[in-house]
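Protein chains: 2
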Amino acid sequence: MFSKACTYAIKAMILIKSCNEDKKCSLQEIAKGINSPSAFTAKILQQLRKKGLLVSTIGAKGGFQIPPKKQICLLEIVEAIDGKGLIESCVLGLKKCSSLNPCPVHEKYQNIKNEMLKFMMESSLEDYTEKIKNRTITLK
Amino acid sequence: MFSKACTYAIKAMILIKSCNEDKKCSLQEIAKGINSPSAFTAKILQQLRKKGLLVSTIGAKGGFQIPPKKQICLLEIVEAIDGKGLIESCVLGLKKCSSLNPCPVHEKYQNIKNEMLKFMMESSLEDYTEKIKNRTITLK
DNA sequence: TGTAATTCGGATAATTTTATCCGAATTACA
DNA sequence: TGTAATTCGGATAAAATTATCCGAATTACA
Numbered sequence: 088m089f090s091k092a093c094t095y096a097i098k099a100m101i102l103i104k105s106c107n108e109d110k111k112c113s114l115q116e117i118a119k120g121i122n123s124p125s126a127f128t129a130k131i132l133q134q135l136r137k138k139g140l141l142v143s144t145i146g147a148k149g150g151f152q153i154p155p156k157k158q159i160c161l162l163e164i165v166e167a168i169d170g171k172g173l174i175e176s177c178v179l180g181l182k183k184c185s186s187l188n189p190c191p192v193h194e195k196y197q198n199i200k201n202e203m204l205k206f207m208m209e210s211s212l213e214d215y216t217e218k219i220k221n222r223t224i225t226l227k
Numbered sequence: 088m089f090s091k092a093c094t095y096a097i098k099a100m101i102l103i104k105s106c107n108e109d110k111k112c113s114l115q116e117i118a119k120g121i122n123s124p125s126a127f128t129a130k131i132l133q134q135l136r137k138k139g140l141l142v143s144t145i146g147a148k149g150g151f152q153i154p155p156k157k158q159i160c161l162l163e164i165v166e167a168i169d170g171k172g173l174i175e176s177c178v179l180g181l182k183k184c185s186s187l188n189p190c191p192v193h194e195k196y197q198n199i200k201n202e203m204l205k206f207m208m209e210s211s212l213e214d215y216t217e218k219i220k221n222r223t224i225t226l227k
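Protein chains in written order, with this note's numbering: chain H, 88 to 227; chain B, 88 to 227.
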């Protein structure tokens, strides 16, 4: 469904959002907080930054933050890391699949695509910060 | 969502089902019919055979068939190639994710899992053979 | 002003997935 | 009975994904 890189990205973003408000979140805190390999995670954070989903500050006491006032949903994160394929491509990999030239599952799969789209658009980072703090959900 | 191998498997099985009834379907026919690399496809067909989803006959005029009288749904094919991960594993990759110890999306993702499960269980190979013959759906 | 903490980016390595090659065995049939 | 068509399985290669390493640059702060 999602690449491993993408699952790291989602978890990292949720963690950063919930640790922010006041402070920045360092790579090491993130990697520990989501149980991911830190060097690999660093690459992913850079991708997110370049897409504008994160801001970073270099140097001692530096770290990552969700851009202030920006509201981010899961879809943006998924698209930033895995691209639009999940939503836009044929699930059977056909280049020319469309409603005029459908693959076998084209029609039935629309429902699932729509469900996924709804799910990813409706889930925004702040939805989770309370629960992370309460420890009613986990990231590792 | 599905591995490339799995998409080949699904398309191959649909093709074999629709070409069978009478005759066997050779590797070359399959690879052409679904536009896949034939040597790689051969490996996948072997996996399907070992899981009992295909039978094969060796030698000239040999080929592959869906086991007579056996009804096969997409879920069986997906599980045979990609394993049960899609349905059973946490979508964020957490080893210990459960309703007691949920990841952030655990609950909302249940809906999608259920939709996917329903979709894959309800779609069986014979559903497509008519449409393949009519050419109202395509495999490449 | 020096040092430690940190992000950044390039290079490389390991692992997994996808793909190719080839020789052996089997079978239909001319 | 010989040959062509075919499946089968092992070995290898290529490509993509995941992961590690390291040196450079920046910054806080003692």
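All residues carry an ideal CB built from backbone N, CA and C; glycine is no exception.
Worksheet entry | Ser185/B, DSSP secondary structure in three states | Position 98 of the second sequence, counted from the start, is the residue given in the question as residue 185/B. The DSSP-derived three-state label of Ser185/B is coil.
Item to complete: Output, in sequence order along the chain, the residues in the segment 112 to 127 of chain B whose CB is closer than 8 angstroms to any CB in chain H.
Response: none
Worksheet item: Quick one: is Glu194/B near chain H, going by C-beta distance under 7 angstroms?
Response: Counted from its first residue, the second sequence places residue 194/B at position 107. No, Glu194/B does not count as interfacial toward chain H.
Fill in: Ser125/H (DSSP reduced to helix, strand or coil)
As a first step, residue 125/H is located in the first sequence; it is residue number 38 there, counting from the start. Three-state DSSP puts Ser125/H in a helix.
Fill in: Cβ-based neighbour list, Ile121/B, same chain, cut-off 7 angstroms, excluding 5 preceding and 5 following
In the second sequence, residue 121/B corresponds to position 34, counting from 1. These residues qualify, in order along the chain: Tyr95, Lys98, Ala99, Leu102, Leu226 and Lys227.
Fill in: Enclosing alpha helix (DSSP H) for Gln197/B [first to last residue]
Counting from 1 along the second sequence, the entry for residue 197/B is found at position 110. Segment His193 to Glu209, the alpha helix (DSSP H) holding Gln197/B.
Worksheet entry | Which of helix, strand or coil DSSP assigns to Ser143/H | Here residue 143/H is taken as the residue at index 56 of the first sequence, counted from 1. In the structure shown, the three-state DSSP call for Ser143/H is strand.
Worksheet item: With which residues is Gln152/B paired in a DSSP beta bridge?
Response: Along the second sequence, read from residue 1 onward, the residue named residue 152/B stands at position 65. Answer is Val142/B.
Worksheet item: Can Pro191/B and Tyr215/H be called in contact, C-beta distance under 7 angstroms?
Response: Position 104 of the second sequence, counted from the first residue, corresponds to residue 191/B. Position 128 of the first sequence, counted from the first residue, corresponds to residue 215/H. The criterion of a C-beta distance shorter than 7 angstroms is satisfied by Pro191/B and Tyr215/H.
Practice prompt. Under the assumption that Met207/H contacts Leu162/H (Cβ atoms under 8 angstroms), give the Cβ distance between them as a whole number of angstroms.
Written response: Taking the first residue of the first sequence as position 1, residue 207/H is located at position 120. Taking the first residue of the first sequence as position 1, residue 162/H is located at position 75. Rounded, the Cβ-Cβ distance is 4 angstroms, consistent with contact.
Item to complete: Indicate the three-state DSSP secondary structure (helix, strand or coil) for Cys112/H in the structure shown.
Response: Here residue 112/H corresponds to residue number 25 of the first sequence, with the count starting at 1. In the structure shown, Cys112/H sits in a strand (DSSP, three-state: E or B).
Practice prompt. Give me the Cβ distance between Lys111/B and Gly149/B, rounded to the nearest whole Å; I'm assuming they're in contact under 8 angstroms.
Written response: Numbered from 1 along the second sequence, position 24 holds the residue referred to as residue 111/B. Numbered from 1 along the second sequence, position 62 holds the residue referred to as residue 149/B. 7 angstroms between Cβ atoms; contact.
Worksheet item: Are the C-beta atoms of Thr225/B and some chain H residue less than 7 angstroms apart?
Response: Numbered from its first residue, the second sequence carries residue 225/B at position 138. Thr225/B counts as touching chain H.
Discussion item. 7 angstroms is my cut-off, CB to CB: does Val165/H come that close to chain B?
Written reply: Here residue 165/H refers to the residue found at position 78 when the first sequence is read from its first residue. No - not a single Cβ of chain B is within 7 angstroms of the one on Val165/H.
Discussion item. Among Cys184/B, Glu217/B, Asn107/B and Glu166/B, whose alpha-carbon lies nearest the alpha-carbon of Val142/B?
Written reply: Working through the second sequence from its first residue, we reach residue 142/B at position 55. Checking every option, the nearest Cα to that of Val142/B belongs to Asn107/B.
Item to complete: Less than 8 angstroms between the CB atoms is what I'm expecting for Pro154/B and Gly139/B, so what's the real figure, rounded?
Response: Translated into positions along the second sequence, residue 154/B becomes position 67. Translated into positions along the second sequence, residue 139/B becomes position 52. Correct: roughly 7 angstroms between the Cβ atoms.
Discussion item. Contact defined as beta carbons within less than 8 angstroms: I believe Ile199/B pairs with Met203/H. What is the distance between those atoms, to the nearest angstrom?
Written reply: What you label residue 199/B is simply residue 112 of the second sequence in a count that begins at 1. What you label residue 203/H is simply residue 116 of the first sequence in a count that begins at 1. With a Cβ gap of about 6 angstroms, Ile199/B and Met203/H count as contacting.
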